[in-house]
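17 is the number of the first residue of the sequence shown in my numbering; add one for each residue after it.
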Amino acid sequence: MAVEKVKDVLTEANEFDPNADINKLNEVISEIGMGTYQWVSDYPLTFNWQGDLSDNMWLQILATILPQVQAEFNVLDSISGLGTSSVYIGMIFGSLGWGIISDMIGRRPAFFITLAIGAVFGTAATFSPNFTGYCILLGLMGLGVGGNLPIDGSLFLEFIPKERQNLLMLMSLFWPIGAVIGALFGWWLIPTYSCDPTSSGYCDPVTNRGWRYTLAAMGLLTFAMLLSRFLFKLQESPKWLIAVGRKEEAIEVLKYLAKLNGKEINITVNDFPDIKLETKAEAFNRFTKSLKELFTKSTVVQTILVWLVWMLISIAYVMFYGFLPKFLETVNTGDPLTLGETYRNFFIQTLAGIPGSVAGTYLIETRLGRKGTMAWGAIGTGISLFLFTTTGNSWWQLFFNCIASFLSNLVYGVIYAYTPEVFKTGHRGTGVGMASCLGRVVGVAAPFLSGYLISINPRIALYLSAALFATMGFVAFFLPVETKGKAAL
């Protein structure tokens, strides 16, 4: 009786602590390996990239269309960043809210809803009658887009074996591709269908449809991605199912993965004894316990530093890239760039970011690891942005900007891979969502700060952005956990 009582106590204590079961599940996923499911069928590699792509695509579009929106609605420089800030406000609630929701109700439903919200309200912004309506619709769009990072990254990580976790870094390749798509449409549509706001300070809406066409194109592309998600069968994360005690469903998912990958596994619910099926009330209790686990003696430093990294890179990135077309217009001291040349250079620098994600996928598995790659990449970005300010020649500016784009996308990719790796399944969505949320919080202030500094001297905003990138790099050196070679729990 005493032995049985001890077992009951241990079972009760571990009811919402699935780490033992998750370790067993990691072994099963490694046995199943990478195969048809991950590479071709259903979702993890085939469709999770859509979140990254749509997230940065929309953010870059706002920078691309800013001068035309500002001119049409007669918006002052000091408040011109309100549209971008509105998106970040939406992303604050979206990243935190959807991260928590995905931990409570599952990754699968949130995976669909977030992209749907972004598609609907992003397209609706095309018809904005004034700047206020424009900001409101963009904020609602951000509510959906903000959930992409915590959900898509968690869903991806929970389907792949530990030996291939570096692929999460490769998935970040679609972050700069999103920027390239946005810049490409801007380069194509805005110079062709826009008036030049520098000539008169005001653009007649009749001759300034380029920014609306660009938003419409992005909205249609987001709808196309959403439709593709509905056309294929998505499985719920087996790690999440195990974490909430839905072991029978987890077994079915694992067998489905094994069948598609040409493997056979012998596994039953008895292989996962440590947790029970939870009720709705217990789901909330599990969430509160998981939230506390982010601030235990062994995790609090890691949690705070990860969140600080997200905040520093967010404000640095938005301060620079959210106003890049504006900087290209104002900082150049040589012959003024035409509207077409400005957007051409903007497109080229976004294109330079793509190989950064590829390089990062290799570097994080070297002696540098996640931490070293992240730190040196951020410091290099800061140096490149500072060099951008030292010349007024547009070609040298483009050169330094391309280096900064390469390195900043490398850094963002590492952060994107590292963050879900360092949090456990029970609170992964919450931990990643909170990190993203805090990044969005400071991101709200960045457009206002940049707009104010630009009205004084554009170079001040550039110096501050460079310093913040470098500071983020130094913070990354002090992260206590290196996740290279470790399975996500």
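The C-beta atom is built at its ideal place from N, Cα and C for all residues, glycine as well. The structure displayed is predicted, hence computed values, not measured ones.
Could you tell me the alpha carbon to alpha carbon distance between LEU112 and GLY449, rounded to whole angstroms? Translated into positions along the sequence shown, residue 112 becomes position 96. Translated into positions along the sequence shown, residue 449 becomes position 433. C-alpha of LEU112 to C-alpha of GLY449: approximately 5 Å in a straight line.
To the nearest angstrom, how far is the alpha carbon of THR382 from that of VAL438? Translated into the one-based positions of the sequence shown, residue 382 becomes position 366. Translated into the one-based positions of the sequence shown, residue 438 becomes position 422. Roughly 18 Å separates the two Cα atoms.
For THR435, name the three-state secondary structure that DSSP assigns. For the purposes of this step, residue 435 is identified with residue 419 of the sequence shown, where counting begins at 1. THR435 falls in the helix class under three-state DSSP.
CA-to-CA distance, ARG228 to SER410, given in whole angstroms: Looking up residue 410 in the sequence shown gives position 394. Looking up residue 228 in the sequence shown gives position 212. Between SER410 and ARG228, the C-alpha separation is close to 28 Å.
Going by CA-CA distance only, name the one from PHE336, GLY489, PHE490 and TYR432 that's closest to PHE190. Walking along the sequence shown from the start, residue 190 turns up at place 174. The shortest CA-to-CA distance from PHE190 to any of PHE336, GLY489, PHE490 and TYR432 is the one to TYR432.
Under the assumption that THR130 contacts ILE167 (Cβ atoms under 8 Å), give the Cβ distance between them as a whole number of angstroms. If you number the sequence shown from 1, residue 130 lands on position 114. If you number the sequence shown from 1, residue 167 lands on position 151. Rounded, the Cβ-Cβ distance is 6 Å, consistent with contact.
Excluding sequence positions up to five away, which residues of its chain have a Cβ less than 7 Å from the Cβ of ALA12? Residue 12 falls outside the range modelled here, since the chain spans only 17 to 505, and no answer is possible.
Using only the alpha-carbon positions, how far apart do PHE127 and ALA199 sit? Sequence index remark: in the sequence shown, residue 127 carries index 111 (1-based). Sequence index remark: in the sequence shown, residue 199 carries index 183 (1-based). Taking the CA atoms as reference points, PHE127 sits about 26 Å from ALA199.
For GLU88, does the count of other Cβ atoms within 10 angstroms reach 16, so buried, or fall short, so exposed? Taking the first residue of the sequence shown as position 1, residue 88 is located at position 72. Classification of GLU88: buried, given that the 10 Å Cβ count is 16 or more.
State whether the region 494–502 contacts the region 312–327, with contact taken as three or more CB pairs (one from each stretch) at a distance under 8 Å. Note that the region 494–502 touches the region 312–327; at least 3 beta-carbon pairs, one per stretch, sit closer than 8 Å.
Note the first and the last residue of the continuous alpha helix (DSSP H) segment covering GLU268. Looking up residue 268 in the sequence shown gives position 252. It spans 263–276 - the alpha helix (DSSP H) in which GLU268 sits, taken as one unbroken run.
Nearest-angstrom Cα distance between VAL22 and GLY261? Numbered from 1 along the sequence shown, position 6 holds the residue referred to as residue 22. Numbered from 1 along the sequence shown, position 245 holds the residue referred to as residue 261. Bear in mind that the predicted position of VAL22 carries a pLDDT of just 33, short of 50, making it unreliable; the figure below should be weighed with that in mind. VAL22 and GLY261 have their C-alpha atoms some 21 Å from each other.
Outcome for ALA507 when other beta-carbon atoms lying within 10 angstroms are tallied against a minimum of 16: Since the first residue shown for the chain is 17 and the last is 505, residue 507 is missing from the structure and cannot be characterised.
Who are the Cβ neighbours of GLN445 in its own chain at under 6 Å, not counting the five residues just before and after it? Locating residue 445 in the sequence shown gives position 429, counting from the first residue. Strictly speaking, residue 445 in this sequence is Gly, with Gln absent from that position. If the five residues before and after GLY445 are omitted, its C-beta is found closer than 6 Å to the C-beta atoms of GLY115, SER118, ASP119, PRO166 and SER170, all from its own chain and listed in chain order.
Please name the residue, chosen from SER244, LYS308 and LEU270, that lies closest to TRP256 on a Cα-to-Cα basis. Locating residue 256 in the sequence shown gives position 240, counting from the first residue. With respect to the C-alpha of TRP256, the residue from SER244, LYS308 and LEU270 having the closest C-alpha is LEU270.
If you follow the alpha helix (DSSP H) that SER169 is in, where does it begin and where does it stop? If you number the sequence shown from 1, residue 169 lands on position 153. The question names Ser, but residue 169 is Gly in the sequence shown. Run containing GLY169: 164–173, per the alpha helix (DSSP H) assignment.
Measuring alpha carbon to alpha carbon, tell me which of GLU47, TYR104, ASP93 and MET50 ends up nearest LEU75. As a first step, residue 75 must be located in the sequence shown, where it is residue number 59. Closest in C-alpha terms to LEU75, from the list GLU47, TYR104, ASP93 and MET50, comes TYR104.
What is the residue span of the alpha helix (DSSP H) that MET157 lies within? One-based indexing of the sequence shown puts residue 157 at position 141. Taken as a continuous stretch (DSSP letters only), the alpha helix (DSSP H) holding MET157 covers 147–161.
Contacting residues, own chain, Cβ-Cβ under 8 Å from PHE415 (five flanking each side not counted): Locating residue 415 in the sequence shown gives position 399, where the first residue counts as 1. Here the set comprises nothing.
Per-residue burial, GLY134 [other beta carbons within 10 Å of its own, 16 or more giving buried]: Along the sequence shown, one-based indexing puts residue 134 at 118. Buried.
What do you get for PHE490, buried or exposed, if any count of 16 or more other CB atoms within 10 angstroms of its CB means buried? Taking the first residue of the sequence shown as 1, we reach residue 490 at position 474. With fewer than 16 other Cβ atoms within 10 Å, it is exposed.
Own chain partners of ARG123 with C-beta closer than 7 Å, once the 5 adjacent residues on each side are dropped: Looking up residue 123 in the sequence shown gives position 107. If we look at ARG123 and ignore the five residues flanking it on each side, its Cβ neighbours are ILE167, SER170, LEU171, GLU252, SER253 and TRP256.
So, under 8 Å CB-CB, ALA233 and PHE201 are touching, yes? Tell me the CB distance rounded to an integer number of Å. Taking the sequence shown and counting its residues from 1, one reaches residue 233 at position 217. Taking the sequence shown and counting its residues from 1, one reaches residue 201 at position 185. That belief holds up - the Cβ atoms of ALA233 and PHE201 are roughly 5 Å apart, short of 8 Å.
Cα separation between SER452 and GLY110? In the sequence shown, counting from the first residue as 1, residue 452 sits at position 436. In the sequence shown, counting from the first residue as 1, residue 110 sits at position 94. Going by the C-alpha atoms only, they are around 9 Å apart.
Please classify GLU179 as buried or exposed, where buried requires at least 16 other C-beta atoms within 10 Å of its C-beta. As a first step, residue 179 is located in the sequence shown; it is residue number 163 there, counting from the start. Per the 10 Å Cβ criterion, exposed.
Is the region 475–489 in contact with the region 357–364, if contact means three or more CB pairs nearer than 8 Å? The region 475–489 makes no contact with the region 357–364: fewer than 3 CB pairs, one atom from each, lie closer than 8 Å.
Is it the case that the Cβ atoms of ILE197 and MET107 are separated by a distance below 8 Å? Start at 1 with the first residue of the sequence shown, and residue 197 comes out as number 181. Start at 1 with the first residue of the sequence shown, and residue 107 comes out as number 91. No, they are not a contact pair.
In the DSSP assignment, find the unbroken alpha helix (DSSP H) run with ASP119 in it and report its ends. Taking the sequence shown and counting its residues from 1, one reaches residue 119 at position 103. Note, ASP119: alpha helix (DSSP H), 98–121.
Cut-off 6 Å between Cβ atoms - residues of its own chain near ILE81, not counting five sequence neighbours on either side: Taking the first residue of the sequence shown as position 1, residue 81 is located at position 65. Closer than 6 Å at Cβ, skipping near neighbours: TRP227 and THR230.
Quick check on the DSSP output: the alpha helix (DSSP H) that includes TYR209 runs from which residue to which? For the purposes of this step, residue 209 is taken as the residue at position 193 of the sequence shown. Careful: TYR209 lies outside any alpha helix (DSSP H) and carries neither H nor E.
Alpha carbon of ILE48 to alpha carbon of GLU309, nearest angstrom: Here residue 48 refers to the residue found at position 32 of the sequence shown. Here residue 309 refers to the residue found at position 293 of the sequence shown. Spanning the two alpha carbons is a distance of roughly 30 Å.
Could you give the distance in angstroms between the alpha-carbon of ALA482 and the alpha-carbon of MET327? Counting from 1 along the sequence shown, the entry for residue 482 is found at position 466. Counting from 1 along the sequence shown, the entry for residue 327 is found at position 311. Note on geometry: alpha-carbon atoms of ALA482 and MET327 lie some 14 Å from one another.
In its own chain, which residues sit with a C-beta less than 7 Å from the C-beta of SER454, not counting the 5 before and 5 after it? Translated into positions along the sequence shown, residue 454 becomes position 438. In the sequence under discussion, the amino acid at residue 454 is Leu, which differs from the Ser named in the question. TRP323, TRP326 and MET327, listed in sequence order.
Three CB pairs or more closer than 8 Å across the region 133–150 and the region 417–434: Verdict: no, contact absent.
Assign GLU47 to one of three DSSP states: helix, strand, or coil. In the sequence shown, counting from the first residue as 1, residue 47 sits at position 31. For GLU47, the secondary structure class from DSSP, reduced to helix, strand or coil, is helix.
Could you check which residue in LEU273, GLY396 and TRP412 has the C-alpha nearest to that of ILE329? Locating residue 329 in the sequence shown gives position 313, counting from the first residue. Per the Cα distances, GLY396.
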